[in-house]
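As C-alpha cells, the structure follows; a few thoughts come after it.
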Amino acid sequence: MSRTRPPFLDGLIASLPIVLGYFPIAFSFGVAATRSGFTAPEAAALSLIIFAGASQFLALALLTSGAPVLVSAFTLIAMNLRHVLYGPALMREAGREAGTRHAWAWAFGLTDEVFGQALGALARGQRFSEPYMFGLGLGAYASWVSGTLAGAVAGGGALDGWPALGAGLGFMLPALFLALLLSILSRRQLPVIAVAGAVTVVATLAISATSGILLGMLAGALAGLVRR
Amino acid sequence: MNTDLLVVAVLAGVANWAFRALPILARTDRLAAGGWLERFFSATGPAAIATLFVAAILPELVPDPARLVPALTGTLAVLATFRLRRSVVLSTLAGAVIHGATVWLLG
Chain A
1 MSRTRPPFLD GLIASLPIVL GYFPIAFSFG VAATRSGFTA PEAAALSLII
51 FAGASQFLAL ALLTSGAPVL VSAFTLIAMN LRHVLYGPAL MREAGREAGT
101 RHAWAWAFGL TDEVFGQALG ALARGQRFSE PYMFGLGLGA YASWVSGTLA
151 GAVAGGGALD GWPALGAGLG FMLPALFLAL LLSILSRRQL PVIAVAGAVT
201 VVATLAISAT SGILLGMLAG ALAGLVRR
Chain B
1 MNTDLLVVAV LAGVANWAFR ALPILARTDR LAAGGWLERF FSATGPAAIA
51 TLFVAAILPE LVPDPARLVP ALTGTLAVLA TFRLRRSVVL STLAGAVIHG
101 ATVWLLG
C-alpha cells in the first residue's frame, strides 16, 4: 500500500478493473430490466438493494415468469450462499488484529470481484485496512448502480453497433478473475485450484451454472483440508 | 414501483448483507484459528477465484471460432501481461483489449 495515499483512495484506485468490468454488465442488466417491462428506477432499485449480478438477472426471469414472491426471494438467497465463506477467508488473511468495527457497512460491498481483489492485495503483502475496503467496495457499487441506470435509460440495442467493444467489455470479468488467480497463485494452493476448477466444469455441465460455482468452491475448500 | 420486485429485492438484499457481513462481525475466522476450519477458510479464497474464472470462461469454450478464438487470445494476453508486469489491472485491460481486437479482426 502506498504511504503517500490514504487507504480509502488506494481502495478506490484498486477498484478500477472492477469498475470497468462491472459497468458493461450492469449496463446489460439495465437493458434487460427495461426489456422485461421494468422502469429505470425499478432496475436501479434492484442494483442498489441486491448488488449481486447473476442473481439480479435471475430476479428478472423469476419476477416476469410470475413465480411466487417468496420462492423468488429464496432462490436468489440460495444463489448467494457462497458469500458466507468470503468474510472469514478474507479476515483469516488479514490477521487476528485486523479491525472489523465498520464491517457492518463495507462488507455489503464484498462481491466476488471485491473479495478477489482484496485477497489478492493481502497476498501481495498489503496491510488490511477498513478504509481500503470502503474505497474498493464503493467504486464497484457506484459502477454497478450507474451502469444499471445507464442501461435502463439507453434501452436495448445501445451496443449493437459496436460488437467488438461489447465483446471486449464482456471479457473484462473472466480476464479479471484470471489475473486475480495468477496474483494469489502458489504451489501450495495448486491442488485446491485444480479441484475447484475440475468440479466447477463437471457440476456446471451435469447440473447447472449456479451449482457449478457452489460445488466447485466447496470442493476446492475441502481439498485444502485433505492436503495436510 | 412494483411491490413484488421491492419485496424480493429487500429479502435478497438483507440476506446478501447478512451472508457478507455477519461472519466477519462474529470473527468466525478467530473461532476457527488453528483447526480444520482455518484450513478450510484459507483454501476458500483460491478455490472461489478459480471457480469464478472457470465459470466465466466456460460458456466461451464452444466449437465456434468466433467465440473460442477471442477467448483464447484474451486468456493468453492476460497470462503474458501478468508474467511481464505482475499487475492485475494491466493484465485485465490487456485481456479485454486483445479479446475485443480479435472479435473485430474475425468479424
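Sequence order for the protein chains is A and B.
Under UniProt numbering, the first residue of the first sequence carries the number 1, and numbering increases by one thereafter.
Under UniProt numbering, the first residue of the second sequence carries the number 1, and numbering increases by one thereafter.
Even glycine gets a Cβ: it sits at the ideal position worked out from N, Cα and C.
Fair warning: this is a prediction, and the values are worked out from it, not measured in the lab.
Contact with chain A by residue i, beta-carbon distance below 8 Å
| i | result |
| --- | --- |
| residue 122/B | Residue 122/B lies beyond the range of chain B shown here (1 to 107); nothing can be said about it. |
| Asp64/B | no |
| Arg85/B | no |
| Val10/B | yes |
| Leu6/B | yes |
| Val54/B | yes |
| Ala80/B | no |
| Val69/B | no |
| Leu76/B | no |
| Leu72/B | no |
| Gly107/B | yes |
| Gly35/B | no |
Residues near residue i by beta carbon distance below 6 Å, same chain, minus five either side
| i | result |
| --- | --- |
| Arg85/B | none |
| Gly116/A | Leu180 |
Spatial distance of residue i from residue j (CA atoms)
| i | j | result |
| --- | --- | --- |
| Asn80/A | Ala52/A | 8 Å |
| Val78/B | Met172/A | 10 Å |
| Gly120/A | Val195/A | 20 Å |
| Ile184/A | Val88/B | 11 Å |
| Ala80/B | Ala71/B | 14 Å |
| residue 282/A | Ser129/A | No answer is possible for residue 282/A: it lies beyond the span of chain A, which begins at 1 and ends at 228. |
| residue 241/A | Pro68/A | Outside the shown range of chain A, which is 1 to 228, sits residue 241/A, and nothing can be said about it. |
| Ser2/A | Leu90/B | For Ser2/A, the predicted model reports a pLDDT of 48, less than 50, meaning its position is unreliable and no value from the coordinates is stated. |
| Gly37/A | Asp64/B | 33 Å |
| Leu76/B | Gly95/B | 8 Å |
| Pro23/B | Ala98/A | 14 Å |
| Phe29/A | Gly166/A | 14 Å |
| Leu60/A | Val8/B | 10 Å |
| Trp36/B | Leu225/A | 7 Å |
| residue 303/A | Ile207/A | No answer is possible for residue 303/A: it lies beyond the span of chain A, which begins at 1 and ends at 228. |
| Leu31/B | Ile50/A | 29 Å |
| Gln189/A | Trp104/B | 37 Å |
| Ala103/A | Asn16/B | 14 Å |
CB of residue i within 8 Å of CB of residue j, strictly
| i | j | result |
| --- | --- | --- |
| Ala45/A | Ala152/A | no |
| Gly11/A | Tyr132/A | yes |
| Ala12/B | Ala209/A | no |
| Leu58/B | Thr204/A | yes |
| Leu110/A | Arg39/B | no |
| Leu52/B | Phe177/A | yes |
| Ser55/A | Leu70/A | no |
| Gly197/A | Ala50/B | yes |
| Thr100/A | Arg83/B | no |
Test: residue i CB closer than 8 Å to a CB of chain B
| i | result |
| --- | --- |
| Asp112/A | yes |
| Ser2/A | Because Ser2/A sits at a pLDDT of 48, beneath the cut-off of 50, its placement in the model cannot be relied upon, and the following sentence gives the value as read from the coordinates. No, Ser2/A lies away from the interface with chain B (no Cβ there is under 8 Å from its Cβ). |
| Pro131/A | no |
| His83/A | yes |
| Ile207/A | no |
| Pro174/A | yes |
| Ala221/A | yes |
| Val192/A | yes |
| residue 230/A | Residue 230/A cannot be examined here, being either before or after the span of chain A that is shown, 1 to 228. |
| Trp144/A | no |
Whole-number beta carbon distance between residue j and residue i, since they are thought to touch under 8 Å
| i | j | result |
| --- | --- | --- |
| Ala48/B | Met91/A | Incorrect: roughly 14 Å between the Cβ atoms, too far for contact. |
| Gly135/A | Leu48/A | Incorrect: roughly 19 Å between the Cβ atoms, too far for contact. |
| Phe57/A | Gly147/A | That pair is no contact at about 13 Å. |
| Gly220/A | Pro46/B | 7 Å |
| Ala107/B | Ala164/A | The identity of residue 107/B in the sequence shown is Gly, whereas the question assumes Ala. Indeed they touch by this definition, with Cβ atoms about 6 Å apart. |
Close-in-space but distant-in-sequence residues of the same chain around residue i (CB under 7 Å, 5 per side omitted)
| i | result |
| --- | --- |
| Val19/A | Gly139, Ala140 and Ser143 |
| Val62/B | Leu68 |
| Ala223/A | Pro191, Val192 and Val195 |
Cβ-heavy atom distance, residue i to the ligand MN, below 7 Å
| i | result |
| --- | --- |
| Ala219/A | In the structure shown, the ligand MN is absent, as is every other ligand, since no ligand is present at all. |
Cβ neighbours of residue i in the same chain (closer than 8 Å, five flanking residues each side left out)
| i | result |
| --- | --- |
| Ala55/B | none |
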